[in-house]
Ligand code: G3P
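Numbering (my numbering), first residue to last: 7 to 223.
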């Protein structure tokens, strides 16, 4: 499973990329707001720092407007992926952009039939929001399971990009189901590394090593 990092914080992305944890990046208007940066500048910096797809989201709500914004965004760098909402207008824009060879991430997916529509529109990625689904009393992972099954049934190449990931168990479950990608906030990506037995084991090894009085090199 690929890991995308869900942030517009360039310093975080660079740090995680150095550890080999970043196959791509997803941003959205809320994350750009949180970063307090100009969107076009921040997308350009991220796209230069990461080889994989960098999702940049349109904010127009009509297809023609989305396409105009997509032209600006995809001119930034070849690895910019256009993010459109899962609406009829978004799917129109998706179909056009995908037909032109531009990668499209269809976002705000909350049902398996919506994901089916995104795949039919030629999306490269569909983003089901598991955390927000859980928040309102549905099972976000059941949604991922259904989408996986539907895409397998018909051989759709659209990648399932699990979004709104809130904790490591979301990542574990997504991997067990066979989702293609998880887009993970930096803090959760770091949590994936942690295990108390790793910390305790390292502490014990270092304490014993100090007792040997040796150095390496
Ligand atoms: O990728 C979508 C994600 O940013 C939404 O996450 O935690 O705001 O539901 P959240």
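Glycine residues also receive a C-beta, built at the ideal position from the N, C-alpha and C atoms.
All values reported here derive from a predicted model rather than from experimental measurement.
Query: Nearest candidate by alpha-carbon position, reference residue 123, set 138, 101, 143; Result: 101
Query: Coil, strand or helix - residue 54 by DSSP; Result: helix
Query: Residue 179 (DSSP reduced to helix, strand or coil); Result: helix
Query: Continuous beta strand (DSSP E) assignments of at least 3 residues falling wholly in the region 97-179; Result: 110-115, 131-134, 165-168
Query: Buried or exposed by the 16-neighbour rule on C-beta atoms within 10 Å, applied to residue 189; Result: buried
Query: Any non-hydrogen atom of ligand 1 within 8 Å of residue 155 CB; Result: no
Query: heavy atom of ligand 1 below 8 Å from residue 36 C-beta; Result: yes
Query: Reduced DSSP category for residue 66 - H, G, I as helix; E, B as strand; rest coil; Result: coil
Query: Cβ contact (3+ pairs, closer than 8 Å) linking the region 137-149 and the region 41-60; Result: no
Query: Length of the line joining the Cα atoms of residue 198 and residue 125; Result: 30 Å
Query: Host beta strand (DSSP E) of residue 238 (start-end); Result: Any question about residue 238 goes unanswered here, given that the chain covers just 7 to 223.
Query: Sufficient close CB pairs (3 or more, under 8 Å) joining the region 14-33 to the region 53-69; Result: yes
Query: DSSP-derived helix/strand/coil call for residue 1; Result: The question about residue 1 has no answer here: the residues shown for the chain are numbered 7 through 223.
Query: The region 87-101 in contact with the region 144-160 per 3-pair CB rule at 8 Å; Result: no
Query: Own chain residues within Cβ distance below 8 Å of residue 183, not counting five before or after; Result: 147, 150, 151, 154
Query: Where residue 186 falls: helix, strand or coil (DSSP); Result: coil
Query: Touch test, the region 8-25 against the region 43-54, Cβ-Cβ under 8 Å, three pairs minimum; Result: yes
Query: Identity of the residues DSSP links to residue 59 by a beta bridge; Result: According to DSSP, which records beta bridges pairwise, residue 59 is partnered with nothing at all.
Query: Check whether residue 187 and residue 165 have beta carbons under 9 Å apart; Result: yes
Query: Identified DSSP bridge partners for residue 86; Result: 60
Query: Boundaries of the beta strand (DSSP E) in which residue 21 is found, first to last residue; Result: It is not in any beta strand (DSSP E) - residue 21 instead sits in the alpha helix (DSSP H) that spans 16-24.
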